[in-house]
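Asker: Residue numbers (this note's numbering), protein chains in the order written: chain A, 283 to 536; chain B, 283 to 536.
1. Closer than 8 Å, CB to CB, is residue 370 of chain B near chain A or not?
2. Starting from residue 380 of chain B, trace the alpha helix (DSSP H) both ways and give me its first and last residue.
3. Closer than 8 Å, CB to CB, is residue 454 of chain A near chain B or not?
4. From this set, A:461, A:430 and A:365, which residue's C-alpha is nearest residue 315 of chain A's C-alpha?
5. Can you give me the start and stop residues for the alpha helix (DSSP H) that residue 350 of chain A sits inside?
6. Should residue 359 of chain B go down as buried or exposed, given a rule of 16 or more other Cβ atoms within 10 Å for buried?
7. When the Cα atoms are used, what is the spatial distance from residue 428 of chain B to residue 410 of chain A?
8. Any Cβ of chain B within less than 8 Å of the Cβ of residue 338 of chain A?
9. Is the region 349–368 of chain A in contact with the region 385–399 of chain A, if contact means three or more CB pairs nearer than 8 Å?
10. Does residue 320 of chain A pass the burial test, meaning 16 or more other C-beta atoms within 10 Å, or should it be called exposed?
11. Could you tell me the alpha carbon to alpha carbon distance between residue 393 of chain A and residue 500 of chain B, rounded to whole angstroms?
12. Among B:472, B:529, B:372 and B:527, whose alpha-carbon lies nearest the alpha-carbon of residue 346 of chain A?
13. What does residue 437 of chain B touch in chain A if you count any residue whose Cβ is under 7 Å from its own?
14. Rounding to the nearest angstrom, what Cα-Cα distance links residue 406 of chain B and residue 523 of chain B in this structure?
15. Using 10 angstroms around the beta-carbon of residue 447 of chain A, count the other beta-carbons present and answer buried if the total reaches 16, otherwise exposed.
16. So, using beta-carbon positions, are residue 436 of chain A and residue 378 of chain A closer together than 8 Å?
17. For a cutoff of 8 Å on Cβ pairs, would you count residue 295 of chain A as touching chain B?
18. Ordered along the chain, which non-local residues of its own chain (more than five positions away) have a Cβ less than 8 Å from that of residue 415 of chain B?
19. Could you check whether residue 304 of chain A and residue 341 of chain A sit closer than 8 Å to each other, using their CB atoms as the reference points?
20. Can you tell me where the beta strand (DSSP E) with residue 373 of chain B in it begins and where it stops?
21. Between which two residues does the alpha helix (DSSP H) containing residue 452 of chain B stretch?
22. Just by C-beta distance, which residues in the region 382–414 of chain B are closer than 7 Å to chain A?
23. In this structure, what does DSSP give as the bridge partners for residue 399 of chain A?
24. For a cutoff of 8 Å on Cβ pairs, would you count residue 273 of chain A as touching chain B?
25. If residue 438 of chain A sits next to residue 336 of chain A, beta carbons under 8 Å apart, how far is it from one beta carbon to the other, in whole angstroms?
26. Is the separation between the beta-carbon of residue 471 of chain A and that of residue 484 of chain A shorter than 8 Å?
27. Quick one: is residue 333 of chain A near chain B, going by C-beta distance under 8 Å?
28. Which residues in the same chain have their Cβ closer than 6 Å to the Cβ of residue 326 of chain B, if we skip the five residues on either side of it in sequence?
29. Take residue 333 of chain A as the anchor and find which of A:298, A:310, A:426 and A:434 has the nearest alpha-carbon.
30. Got a sec? Which residues, its chain only, sit under 8 Å from residue 396 of chain A by beta carbon, not counting five neighbours each side?
31. Between the alpha carbons of residue 449 of chain B and residue 513 of chain B, how many angstroms are there, rounded?
32. Judging by CA-CA distance, which residue of B:351, B:400 and B:383 is the nearest neighbour of residue 331 of chain B?
33. With a threshold of 8 Å between beta carbons, is residue 299 of chain A in contact with chain B?
34. Are the CB atoms of residue 425 of chain A and residue 307 of chain A nearer to each other than 8 Å?
35. Can you tell which of A:295, A:374, A:357 and A:528 has its C-alpha closest to the C-alpha of residue 460 of chain A?
In structure tokens:
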């Protein structure tokens, strides 16, 4: 429980700065994003609207931004040990304009009308390795396919879109897959990962040529198991080479 | 005067969020950064320390972050019409720890001890096209070579280093030079631009092969003037192709 030692009575929340986390999960078939759902504070009378948002909250004045992002993600979803990378700060004065967003802030914040700038973080994880558990003001914490994201609070749909753009750019400058694929994988599985992130089909021959040229893969004698015929060759990442290009430049264009 | 219509008495500064601008200037020979210098508030007694910093200040509550960055840059240096790009938010609780930084904040801010998160912007411009003029609390606004940057206020040296890293990465994903070089230029001049940003010499043949492969240059019949012999061929950017790769992916590795 890495955050159990934070004494809430001591750490003061900064009313003007928040963090939001865009956690992408890859499940070998599609890309998903982790969203929380909170109870509708005005659900008793009139319309009942389901309220989705990114896991996010105000920073505490004794933390740096990275620490805030880790804490907030943990407090709302129980997830820990996720490498979060900052990608953009969002500060439109009109970020909070819908009535049910305003109402909700009144129910949880000391200064609900204070203008808040949010610093957004993202990560890409192997979905099956993380089981979110809702806590605090999150009543649910679940994965949603990025092809069908519900309407989110504040400017969170915009933040998710910017995170997807950042991820696509990242894909072209760094190798990807080490933490997301099984230890031994086929080129088809690796291609699927790239396709899911880019949201487009790639030419099989081109992809294979380019990725093999990068010399980050080790071909194995072993072949794919559990398929009736045309068993594909298995590969492993060359960890040393992978880390080397990760810290210089990958230059992988499509 | 694009900001003359801002009524200072109406726009309230947010005590917790600032913007800082890292403006890089290219002068065909080296890369420089725009710094301001302010008077030392404690210079009368004891040590007289010259106080350098990036142009930066608190955001105003009626602006978004991009607008704040433009306004602050203009107010302190007179520069306008510069495309500023946000690159990172800095929020270490210990950003302000040196005594003369603390003293200075007391002299200019309503809440000098408030913790401030700063959102940093950067730009790369042709140095000769911009003549900074210090104003407001900046007593000087001048260009300094990035190879000899003085000690800066707060965490500003760290911010400059992060901006340089961002610029280097950008160089590998986007074409560069359109606004920085003369309309007609030699490959040597273009290579110099890349070398100055990367802070390293590049192999001439490799550079030429790679940049020509990108098909963004148009070779001209005209040759370089004003040099006694070995006049180099001149090139122009193919504006259409340049914009096209700028909006997709450049993939230029070294």
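Cβ atoms here follow ideal geometry from the backbone N, Cα and C, with glycine treated the same way.
Quick caveat: nothing in here was measured; it's all calculated off a predicted structure.
Answerer: Looking at the atomic coordinates:
1. Nearest CB-CB separation between residue 370 of chain B and chain A: below the 8 Å threshold.
2. Note, residue 380 of chain B: premise wrong, no alpha helix (DSSP H); not H, not E.
3. Output row for residue 454 of chain A: interface = yes.
4. When only C-alpha atoms are compared, the closest one is A:430.
5. 347–359 is the extent of the alpha helix (DSSP H) around residue 350 of chain A.
6. When all chains shown are included, residue 359 of chain B counts as buried.
7. Each residue's alpha carbon lies about 46 Å from the other.
8. Residue contact with chain B for residue 338 of chain A: absent (no Cβ-Cβ distance below 8 Å to any residue of chain B).
9. Verdict: no, contact absent.
10. Buried: at least 16 other Cβ atoms inside 10 Å.
11. One alpha carbon belongs to residue 393 of chain A, the other to residue 500 of chain B, and they sit about 58 Å apart.
12. Residue 346 of chain A has its Cα closest to that of B:372, out of B:472, B:529, B:372 and B:527.
13. Within 7 Å Cβ-Cβ: nothing; residue 437 of chain B doesn't reach chain A, min ~11 Å.
14. In this structure, the alpha-carbon of residue 406 of chain B lies about 21 Å from that of residue 523 of chain B.
15. So residue 447 of chain A ends up on the exposed side.
16. Yes, these two residues count as a Cβ contact at 8 Å.
17. It does not: the Cβ of residue 295 of chain A has no partner Cβ on chain B nearer than 8 Å.
18. Sequence-distant Cβ neighbours of residue 415 of chain B in its own chain, meaning closer than 8 Å and more than five residues away, are 359, 360 and 423.
19. The answer is no: Cβ separation not under 8 Å.
20. Note, residue 373 of chain B: premise wrong, no beta strand (DSSP E); not H, not E.
21. The continuous alpha helix (DSSP H) containing residue 452 of chain B extends over residues 438–455.
22. Listed by position along the chain: 397, 399 and 401.
23. When beta bridges are read from the DSSP output, residue 399 of chain A appears opposite A:299.
24. Chain A is shown from 283 up to 536; residue 273 of chain A falls before or after that span and cannot be answered.
25. About 5 Å separates the beta carbons of residue 438 of chain A and residue 336 of chain A, which is inside the 8 Å limit, making them a contact pair.
26. The Cβ atoms of residue 471 of chain A and residue 484 of chain A lie no closer than 8 Å to each other.
27. Chain B, which has no Cβ nearer than 8 Å to the Cβ of residue 333 of chain A, makes this no.
28. Its pLDDT being 48, under 50, residue 326 of chain B is placed unreliably in this model, and the value from its coordinates should be taken loosely. Close CB contacts of residue 326 of chain B within its chain, under the 6 Å cut and outside five residues either way in sequence, are absent.
29. Ranking A:298, A:310, A:426 and A:434 by Cα distance to residue 333 of chain A puts A:434 first.
30. Excluding positions up to five away in sequence, the list reads 297 and 298.
31. Near 31 Å, if we compare the C-alpha coordinates of residue 513 of chain B and residue 449 of chain B.
32. Nearest of B:351, B:400 and B:383 to residue 331 of chain B, Cα basis: B:383.
33. Residue 299 of chain A belongs to the set of residues whose beta carbon lies under 8 Å from a beta carbon in chain B.
34. A contact, by the Cβ cut-off of 8 Å.
35. Residue A:528 is the option with its Cα nearest to residue 460 of chain A.
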